[in-house]
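First up is the structure itself, then whatever we jot down about it.
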Amino acid sequence: MREPLPHVTPFLRLGGREWYLPDALRAFNHRNYRLYWFGQLISLTGTWMQSTAQQWLVYRLTGSPLALGTVMFMNSLPAMLLSLFAGVVVDRVDKRRFLIGLQLGMLTLALALAALTAAGQVQYGHVLALTTLLGLVNTFDMPARQAFTIEMVGKDDLMNAIALNSSMFNGARLVGPAVAGLLVAQVGEAAAFFFNGLSFLAVIAGLALMRLPPFTPRPGRLRPLADLKEGLGYITRHRSVLALVLVAAVPSLFGFPATTLLPVMARDVLGLGADGYGLLVSFIGLGALVGALSLTALGNYRPKGRLLTAAMFVFAGGLAGAALSRVVPLSLAALAFTGWGMIHHLATTNTLLQLNVPDELRGRVMSAYLWAVVGMAPAGSLLFGTLAEWWGAPNTLLAGAITCALSAAAAFVAFPQLRRLT
């Protein structure tokens, strides 16, 4: 492990003076975090471009909502099976070197899909295989990035860094799908996949330029089952931590996979093409970006626990609006509300967990959280795809919205400690 030792530097030196950023941006005063943030911004823009283009490609090849759900299922299946063990690994390795290796793996997979698509040889089976491998790499990448954040900024600036991470993620979510939609309409899906492959170089460069203290391996040999048991035992003994993990799991199963059906809503309900579909996805990103920026403005908001319930009601309302809408402007507005609610829910849960677990267990606890968020997605995506075949996409989205609203109300009643978390 590595003792958190943030490298704080002025954001700007000018005329013999040092300039530090205001509180809303204070995590940027850490040089390592600046390198990480800007590299990730470029990479995540590419990731959203590939995700958008890939969903459109699958629907073009198959015309099946179930096929869309199956692709998302296969992408998230490794997380469902392995994310808890990924946390055991993350707690033992030099996270910077580990992350560099993972970026190289994702770069290779993106360029392979680009080459197949550009050559006109891509088939549905190719997409399934490559997206499964990408999901495997992501299973280790996500907990490593989550646990690495505190090594860059320390505990005092952690909440601000998580809010800025959310801003970066959703800024990319705003730009990436819109650009992908235009590229797909004008050039083809391969261009989006190629850009994504190259975008990982920005993260690799940022990680390579960081100044970090030497890595000290954790004493003792790797004991996967014992280490996993230790992490899960901590979660079950602390009811507030258990509640946060469970609250993260429900919308990940019944709400967030709704985006799987956006190609169907775009083409079959709203009569849009690839560029219109990209716009729908971008408005989720717009709402999430506004939500992330509002989190930075809130600062150390208390009580944070109540924000979780409010955010899920906003998400459910937006999803219901998108399900019922038959006009593009209303659909865009509704999807923006889903993005706002989603990011408030995820960022607040993430912050509360990281602030309430010991350093030596952070990787394992965050892996359990990511299992709840990402590991539930395979079942959710497959469920949404299957129900859409039977009921249609609008009715499926509406059912998901109702389920999320009811679960938010149930959590508020069943876990009073959530309301007290600060």
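Note that the sequence shown covers residues 0 to 421 in numbering that gives the first Met the number 0. Ideal Cβ placement from N, Cα and C applies to all residues, glycine included. Since the structure is predicted, the reported quantities are computational estimates derived from the model, not experimental observations.
Practice problem: Starting from the Cα of Leu-318, find the closest Cα among Val-327, Ala-310, Leu-329 and Leu-334 and give me that residue. | Solution: Comparing Cα positions, the closest option is Leu-334.
Quiz item: Roughly how many angstroms separate the alpha carbons of Leu-345 and Leu-83, rounded to a whole number?
Solution: Answer to the nearest angstrom: the Cα atoms are 19 Å apart.
Quiz item: For His-237, which of helix, strand or coil comes out of DSSP?
Solution: Per DSSP, reduced to three states, the secondary structure at His-237 is coil, with no helix or strand assignment.
Quiz item: Could you give the C-beta distance for Leu-397 and Leu-323, rounded to a whole number, given that I count them as a contact under 8 Å?
Solution: Contact between Leu-397 and Leu-323 is confirmed by a C-beta separation of about 7 Å, below the 8 Å threshold.
Quiz item: From this set, Ala-291, Asp-358 and Ser-281, which residue's C-alpha is nearest Ala-52's C-alpha?
Solution: Of the candidates Ala-291, Asp-358 and Ser-281, the one whose C-alpha sits nearest the C-alpha of Ala-52 is Ser-281.
Exercise. Look at the alpha carbon of Ala-66 and the alpha carbon of Ala-367, and state the distance between them as a whole number of angstroms.
Key: Each residue's Cα considered, the two are about 28 Å apart.
Self-check item: Proximity of Met-141 and Val-373 at Cβ, strictly below 8 Å
Solution: Cβ atoms of Met-141 and Val-373: closer than 8 Å.
Self-check item: Buried or exposed (CB count within 10 angstroms, at least 16 for buried), Thr-308
Solution: Its Cβ being crowded by 16 or more others within 10 Å, Thr-308 is buried.
Quiz item: Can the beta-carbon of Ala-201 be found less than 8 Å from the beta-carbon of Ile-41?
Solution: Yes.
Practice problem: Taking Leu-352 as the reference, give the member of Leu-243, Thr-295, Gly-284 and Val-327 with the closest Cα. | Solution: Distance check between Leu-352 and each of Leu-243, Thr-295, Gly-284 and Val-327 places Leu-243 closest, using alpha-carbon atoms only.
Practice problem: May I have the straight-line CA-CA distance separating Leu-34 from Arg-325, to the nearest angstrom? | Solution: Cα to Cα, Leu-34 sits roughly 43 Å from Arg-325.
Quiz item: Would Leu-103 be called buried (16 or more neighbouring beta carbons within 10 Å of its own) or exposed?
Solution: Per the 10 Å Cβ criterion, exposed.
Exercise. Along the alpha helix (DSSP H) that carries Asp-140, what are the first and last residues, could you check?
Key: First-last of the alpha helix (DSSP H) with Asp-140: 123-152.
Practice problem: Helix, strand or coil for Asp-274, going by three-state DSSP, please let me know. | Solution: Residue state, collapsed to three classes: helix.
Quiz item: Exposed or buried, what is Asn-137 when buried is set at 16 or more other beta-carbons lying within 10 Å of its beta-carbon?
Solution: Buried, since its Cβ has 16 or more Cβ neighbours within 10 Å.
Practice problem: With distances taken Cα to Cα, identify the nearest neighbour of Asn-195 among Thr-295, Val-186, Ala-179 and Gly-205. | Solution: The shortest Cα separation from Asn-195 among Thr-295, Val-186, Ala-179 and Gly-205 belongs to Ala-179.
Quiz item: Quick one: what's got a C-beta closer than 7 Å to Ala-404's C-beta in the same chain, skipping five residues either side?
Solution: Taken in chain order, the residues that qualify are Phe-312 and Ala-315.
Self-check item: Alpha carbon of Arg-144 to alpha carbon of Arg-305, nearest angstrom
Solution: The C-alpha of Arg-144 lies about 27 Å from the C-alpha of Arg-305.
Quiz prompt | Distance, Glu-359 Cα to Met-0 Cα | solution = Legend: pLDDT at Met-0 = 44, less than 50; position of this residue unreliable, no value from coordinates given.
Quiz item: By a C-beta neighbour count over all protein chains shown, 10 Å radius and 16 as the cutoff for buried, is Asn-31 buried or exposed?
Solution: Buried, by the Cβ-count rule.
Quiz item: In whole angstroms, what is the alpha-carbon distance linking Trp-339 and Phe-72?
Solution: Computed Cα separation, rounded: 24 Å.
Quiz item: Taking the continuous alpha helix (DSSP H) assigned at Asn-355, which residues delimit it?
Solution: Per DSSP, Asn-355 belongs to no alpha helix (DSSP H) and is neither H nor E.
Quiz item: Short check: CB of Gly-379 to CB of Leu-252, under 8 Å?
Solution: It is a contact, given that the beta carbons lie within the stated cut-off.
Self-check item: Best match in Pro-393, Phe-193 and Ala-117 for proximity to Ser-330 [C-alpha to C-alpha]
Solution: Answer by Cα proximity: Pro-393.
Self-check item: Beta carbon of Ala-376 nearer than 8 Å to that of Ser-75
Solution: In contact: Ala-376 and Ser-75 (Cβ atoms closer than 8 Å).
Exercise. Give the secondary structure of Gln-102 by DSSP, where H, G and I count as helix, E and B as strand, and everything else as coil.
Key: Helix, per DSSP.
Quiz item: Can you tell me where the alpha helix (DSSP H) with Leu-69 in it begins and where it stops?
Solution: Sequence inspection shows Thr at residue 69; the Leu mentioned does not correspond to that position. Counting along the chain, the alpha helix (DSSP H) containing Thr-69 begins and ends at 64-89.
Quiz prompt | Nearest-angstrom Cα separation, counted from Phe-214 out to Arg-206 | solution = Position check: residue 206 holds Leu in this sequence, whereas Arg was assumed. Roughly 14 Å between the two C-alpha positions.
Quiz item: Taking C-alpha atoms, which residue in Glu-388, Met-341, Ala-26 and Gly-45 lies nearest to Ala-191?
Solution: Answer by Cα proximity: Gly-45.
Self-check item: Contacting residues, own chain, Cβ-Cβ under 6 Å from Phe-147 (five flanking each side not counted)
Solution: The beta carbon of Phe-147 lies closer than 6 Å to those of Lys-94 in the same chain, with the five residues before and after it left out.
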